[in-house]
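*Asks:*
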Amino acid sequence: MALEKELALFAKMKPDLLKTYDGKFVLIKGDDFVGAYDTAENAYAEGVKRFGREAFLVKRITEQEEVYRNQALALGLMHARL
Amino acid sequence: MPVFNFFHWTQEHGYLLAETGPLVAVQIGIPTALRQHLAEKGIAIPAPVSGHALVDTGAFATAVNEEVFTSLGVPHIDEVPTGSAHGPAMSKVYPANVTFPAMNVADMPMERVLGCNVKWKTRDDKEIIMLMGRDLLRYFLMVYNGLASDVTLCY
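Protein chains in written order, with this note's numbering: chain A, 6 to 87; chain B, 8 to 162.
And the structure:
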C-alpha cells in the first residue's frame with residue numbers, strides 16, 4: 006500500500022504530536038512533516054497546493070484511533086468488503 | 008426544508024424497497040481543492056461518476072467503491088482500521104465531493120470517505136456505488152414507508 010513512509014513517520018512522531026497538536030490533522034509527505042491543521046479540509050488543501058495529485062497523508066492526531074464499523078458489512082449481510 | 012420522495016417501484020419489477028433498501032441517485036466528484044489545482048494547471052477535470060447510494064443506517068462512515076476514485080485519479084490520504092465480516096482490516100480513506108442531483112444537493116465536501124468494493128446492480132438495473140453512512144445522514148431527515156415502498160428525504 007502507498008503511504009507506508011508517511012504512516013511510519015506518523016507512528017514515530019505520534020507521542021510528540023499528541024502533546025502539541027491533539028485533535029488536529031497532520032499533513033505528511035514522504036519523510037517530511039509539513040504541518041498540523043485545524044480541519045482535514047485545510048490539511049488536504051495545503052497538500053494539493055504543494056504536491057498536486059501525488060499521494061500524501063492527512064491523519065487525525067488522536068490517542069486511540071477509531072475503528073470504523075459498518076454493521077451490515079461486519080455481519081456479512083451485503084456483497085461488499087471493506 | 009425541501010422534501011424529496013423516492014418511490015421504489017417499477018412496472019416490470021413492482022415494489023422494490025424491501026429488496027433493494029433505500030436508494031438515491033448520487034454523483035461522486037473530485038474534491039474542490041484538487042479541482043481548483045487541475046483548473047489552474049490547465050488539466051482536464053474528470054467528470055463525476057454516477058450511480059446510486061444505498062442508505063445504510065448501520066454504517067458509521069460513508070463508503071464508496073474504490074474503482075470510482077481510481078477512475079477520478081484521486082489518491083487516498085489515509086488508512087484506518089475497520090471491522091468487517093472478514094475480521095479486522097485496514098481501509099483506505101479518500102476525499103470526495105458528493106452530489107445528490109434529485110435533491111439539488113451539489114458538491115457536498117466529504118473529507119474522509121472509506122474506500123470499499125461495494126458495487127452491484129439491483130434487478131431494476133441501478134448500480135450501487137456508495138453506502139451512505141450516518142456521517143452523511145446526520146444532515147438528513149428520512150422517512151421509510153415500507154407499505155408504500157417509498158422513502159422521503161429532507162435535507
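Even glycine gets a Cβ: it sits at the ideal position worked out from N, Cα and C. Computed from a prediction, not measured in an experiment: that's the story for all the values here.
Does the CB of A:A41 have a neighbour CB from chain B at under 8 Å?
*Replies:* The count along the first sequence starts at 1 and reaches residue 41 of chain A at position 36. Among the CB atoms of chain B, none fall inside 8 Å of the CB of A:A41.
*Asks:* Pull up the distance between the alpha-carbon of B:R42 and that of A:E70, whole angstroms please.
*Replies:* Sequence index remark: in the second sequence, residue 42 of chain B carries index 35 (1-based). Sequence index remark: in the first sequence, residue 70 of chain A carries index 65 (1-based). Cα-Cα distance, rounded: 30 Å.
*Asks:* Between A:G28 and the rest of its own chain, which residues show a CB-CB distance below 8 Å, the 5 nearest in sequence each way excluded?
*Replies:* Here residue 28 of chain A refers to the residue found at position 23 of the first sequence. Apart from the 5 residues on each side of it in sequence, A:G28 sits with its Cβ closer than 8 Å to the Cβ of R65, I66, T67 in its chain, given in chain order.
*Asks:* Where does the unbroken alpha helix (DSSP H) through A:R55 begin, and where does it stop?
*Replies:* The residue given as residue 55 of chain A occupies position 50 in the first sequence. Element bounds for A:R55: 45–56.
*Asks:* Counting only beta-carbon atoms, is A:R86 nearer than 8 Å to chain B?
*Replies:* As a position in the first sequence, residue 86 of chain A is number 81, starting the count at 1. Reliability of the predicted coordinates at A:R86 is poor, the pLDDT of 47 falling under 50, and the value obtained from them is presented with this limitation in mind. So yes, A:R86 belongs to the interface.
*Asks:* So, with DSSP's three-state summary, where would you put A:K17?
*Replies:* Here residue 17 of chain A refers to the residue found at position 12 when the first sequence is read from its first residue. Three-state DSSP puts A:K17 in a helix.
*Asks:* Which chain A residues are close to B:F76, counting only those with a beta carbon under 7 Å from its beta carbon?
*Replies:* In the second sequence, counting from the first residue as 1, residue 76 of chain B sits at position 69. Under the 7 Å cutoff, chain A gives no residues; its nearest Cβ is about 12 Å from B:F76.
*Asks:* Quick one: any contact between the segment 43–63 of chain B and the segment 13–33 of chain A, if contact means 3 or more CB pairs under 8 Å?
*Replies:* no
*Asks:* When you compare the CB positions of B:K126 and B:E86, do they come within less than 8 Å of one another, or not?
*Replies:* For the purposes of this step, residue 126 of chain B is taken as the residue at position 119 of the second sequence. For the purposes of this step, residue 86 of chain B is taken as the residue at position 79 of the second sequence. Their beta carbons are not under 8 Å apart, which means B:K126 does not touch B:E86 by this criterion.
*Asks:* Could you name the residues that DSSP lists as bridge partners for A:L62?
*Replies:* Indexing the first sequence from 1 puts residue 62 of chain A at position 57. DSSP lists A:I33 as partners of A:L62.
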